[in-house]
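Okay, structure first, notes after.
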Amino acid sequence: MGPDSEAAVSASEVSGSVFPAEPFRIKVIEPLRFPPRLERERLIQEAGYNVFRLHAEDIYLDLLTDSGTSALSDRQMAALMLGNQAYAGSRNYFELERVVKEIFGFKFVLPVHQGRAAENILFSSLVQKGHFIPSNSHFDTTRANLMHNGGQPLDFPGPESRDLQTSSPFKGNMDIPKLKQFLESNYKSVPLVMLTVTNNTGGGQPVSLENIRAVSQLARKHRIPFFFDACRYAENAYFIQQREEGYANKTIPEIARDMFSYADGCTFSAKKDGLVNIGGLICLNDHSLLEKCRELLILMEGFPTYGGMACRDLQVMAVGLKEAQEQSYLESRVSQVQRFGDAVKAQGLPIIEPVGGHAVYVDAKKMLPQIPPEQFPAQVLAVELYREAGVRGVELGTCAFGSVDKNGNTIPHSYELLRLAVPRRVYTDRQLQVVADALGRINERKDSLKGLKLIEGEGPLRHFVASFHPL
Ligand SMILES: Cc1ncc(COP(=O)(O)O)c(C=O)c1O
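The numbers in the numbering used here rise by one with no breaks, and the one at position 35 of the sequence shown is 35.
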């Protein structure tokens with residue numbers, strides 16, 4: 001498909017059907033292995049019942065993350081060959097800078113190797129001990145990077161997000177009255193306000209432009225910088241186009257520019273809506289903040305025209321950023337995730353509704369009420385799904401987001417979710433149906449499932465390294 005200006009024609013119109021099928025065909029394949037059940041039992045036991053510790057080759061369908069797992073297009077593969085591997089002043093940087101400025105509209109662009117490097121550099125420049133950083137919901141690495149810099153992350157998700165199963169178009173929104181109240185008494189201790197689009201922790205739910213404007217107004221009133229965590233901005237823009245009044249006739253690039261026009265900058269993991277396997281960005285308007293970030297970039301990542309990446313990967317990102325804005329791509333992407341959600345729901349499992357942009361989230365708290373949060377119901381479900389079908393999802397619940405008080409008691413997270421993230425341009429609907437069917441079989445014997453005991457892993461990133469014993 002051509003660039004977005006030509007791509008107002010949707011894939012469904014192209015194919016002449018109402019089914020928004022993929023606007024591409026498969027040119028290269030990667031064979032998959034489906035280890036037999038006994039082997040899967042052994043492998044998950046050896047992995048300490050933590051799917052992060054499995055080898056990727058032992059997984060049939062990998063829905064651990066949509067981050068860095070996209071299939072590259074032929075144009076991106078061709079861009080690899082245009083790499084100009086220079087320490088300073090590579091033409092690939094200038095091409096990336098041009099595309100990023102066109103899409104995001106910020107004045108300054110620093111490349112980094114992935115989103116968390118952007119977070120660490122930005123927060124090291126802005127955040128100090130005693131600071132509070134409000135967001136709709138911070139992601140785990142964002143939260144950990146803020147804490148690492150002495151800040152206290154605060155989540156103010158909107159009231160509509162509280163009921164997981166109630167359908168509402170913008171469940172990723174920030175709670176504006178709460179933010180207003182907080183800023184009125186604490187604005188001096190707030191170095192930046194953040195908005196994660198889409199809200200990954202809250203189910204991949206979008207944020208409306210109305211909400212973006214309201215957050216921006218409050219931040220500006222108190223002269224606080226407002227930053228996006230913009231990983232999935234294109235999917236968010238697509239939801240605005242589809243759901244928010246007044247945007248149906250706007251293109252994705254127009255909506256994206258509108259979104260970013262209210263902010264002072266963003267951190268960006270290009271491993272999502274940059275359609276690359278590695279890469280990220282810091283975008284800024286403020287020159288003195290740029291100077292601080294640039295110095296740290298040189299210290300931690302590399303010279304500002306490569307920022308911790310091979311220059312060829314900057315070129316691949318420039319192409320991926322444009323492809324991720326194509327109307328037909330977004331239509332097929334978001335509708336595939338929707339169909340997957342419908343298939344899981346049809347098997348009788350409770351999921352977050354409406355289905356978000358990049359993943360289906362199963363509500364393990366509701367599905368497995370016999371397993372208390374301190375026995376990690378969503379982790380149990382993740383383990384069971386691997387056992388059942390060689391499929392990997394990820395726990396976003398008390399293991400990832402809970403904590404422990406000074407007496408060693410678990411402080412549970414509000415939700416116990418199994419996230420099934422859909423990599424971009426990678427799996428077919430038929431493969432996702434296999435996952436839904438496997439979940440259906442687990443659902444039939446859900447009452448027999450038992451909890452897990454955490455035996456290793458502490459701190460805000462414990463879920464990556466934890467190990468468990470079955471109870
Ligand atoms: C919302 C959000 N922010 C930040 C990150 C961190 O990005 P990266 O994995 O590129 O470091 C992620 C990664 O999944 C994310 O989903």
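Just so it is clear, CB atoms sit at the ideal spot from N, CA and C, and this is done for glycine as well.
Check                                                                                                                                                                            : Outcome
Would you call residue 108 buried or exposed, if buried means 16 or more other Cβ atoms sit within 10 Å of its Cβ?                                                               : buried
Drop a sphere of 10 angstroms on the beta-carbon of residue 166, count the other beta-carbons inside from all chains shown, and report buried for 16 or more, exposed for fewer. : exposed
8 angstroms is my cut-off, CB to CB: does residue 205 come that close to chain C?                                                                                                : Protein chain content of the structure displayed is limited to a single chain, and chain C is not contained in it.
Could you check if residue 271 belongs to the surroundings of ligand 1, using beta carbon to heavy atom distance under 7 angstroms?                                              : yes
At which residues does the alpha helix (DSSP H) containing residue 396 begin and terminate?                                                                                      : Per DSSP, residue 396 belongs to no alpha helix (DSSP H); it is in the beta strand (DSSP E), 394 to 396.
Should residue 448 be counted as a contact of ligand 1 given a C-beta to heavy atom distance under 7 angstroms?                                                                  : no
Whole angstroms are fine: how far does the CA of residue 251 sit from the CA of residue 332?                                                                                     : 16 angstroms
Taking the CB atoms as reference points, tell me whether residue 66 and residue 423 lie closer together than 8 angstroms.                                                        : yes
To the nearest angstrom, how far is it from the Cα of residue 151 to the Cα of residue 62?                                                                                       : 34 angstroms
Under a Cβ-count criterion, where at least 16 other Cβ atoms within 10 Å of its own Cβ denotes burial, should residue 16 be classed as buried or exposed?                        : For residue 16, the pLDDT reaches just 49, beneath the cut-off of 50, and the residue's location in the model is therefore unreliable, although a value from the coordinates is still provided. So residue 16 counts as exposed.
With the cut-off set at 8 angstroms, would you say residue 273 and residue 324 are in Cβ contact?                                                                                : yes
Mind checking whether residue 396 and residue 421 have CB atoms under 8 angstroms apart?                                                                                         : no
What does the Cβ neighbour count give for residue 7, buried or exposed, with the cut at 16 atoms within 10 Å?                                                                    : Confidence is the limiting factor: at residue 7 the pLDDT is only 45, short of 50, which leaves the residue's position unreliable, though a coordinate-based value still follows. Looking at its Cβ environment, which holds 16 or more other Cβ atoms inside 10 Å, residue 7 is buried.
What residues match up with residue 108 in a beta bridge as DSSP calls it?                                                                                                       : 284
Within 10 angstroms of the Cβ of residue 129, are there 16 or more other Cβ atoms? Answer buried if so, exposed if not.                                                          : exposed
Would you call the CB atoms of residue 71 and residue 425 closer than 8 angstroms?                                                                                               : yes
Hey, would you say residue 451 sits closer than 8 angstroms to residue 203, going by beta carbons?                                                                               : no
What residue range is occupied by the uninterrupted alpha helix (DSSP H) comprising residue 465?                                                                                 : 462 to 465
What's the call for residue 415, buried or exposed, on a 16-neighbour Cβ count within 10 Å?                                                                                      : buried
Pull up the distance between the alpha-carbon of residue 37 and that of residue 99, whole angstroms please.                                                                      : 47 angstroms
What separation, rounded to the nearest whole angstrom, lies between the Cα atoms of residue 190 and residue 41?                                                                 : 48 angstroms
Relative to the C-alpha of residue 259, which candidate in 311, 340 and 240 has its C-alpha closest?                                                                             : 240
Measuring straight from C-alpha to C-alpha, what distance separates residue 192 and residue 443?                                                                                 : 43 angstroms
For ligand 1, any of its heavy atoms closer than 7 angstroms to the Cβ of residue 172?                                                                                           : no
Ignoring anything shorter than 4 residues, give me the alpha helix (DSSP H) runs that lie fully in the region 400 to 446, in order along the chain.                              : 429 to 444
Of the residues 57, 266, 312 and 341, which one's Cα is nearest the Cα of residue 418?                                                                                           : 341
Thinking just about the alpha-carbon of each residue, which of 311, 270 and 373 is nearest to the one in residue 68?                                                             : 270
Nearest-angstrom Cα distance between residue 382 and residue 221?                                                                                                                : 44 angstroms
Taking the Cβ atom as the reference point for each residue, do residue 380 and residue 436 lie within a distance shorter than 8 angstroms?                                       : no
Assuming residue 141 is part of the alpha helix (DSSP H), what are its boundary residues?                                                                                        : 140 to 148
For residue 296 versus residue 121, is the C-beta spacing smaller than 8 angstroms?                                                                                              : yes
For residue 195, name the three-state secondary structure that DSSP assigns.                                                                                                     : strand
Just to confirm, are residue 104 and residue 229 a CB contact at a threshold of 8 angstroms?                                                                                     : no
Considering residue 250, what are the terminal residues of the beta strand (DSSP E) in which it resides?                                                                         : Counting along the chain, residue 250 falls outside any beta strand (DSSP E), and DSSP gives it neither H nor E.
Just to confirm, does residue 135 get its C-beta within under 7 angstroms of one of the non-hydrogen atoms of ligand 2?                                                          : Of the ligands this structure carries, namely ligand 1, none is ligand 2.
Please say whether residue 285 and residue 264 have beta carbons closer to each other than 8 angstroms?                                                                          : yes
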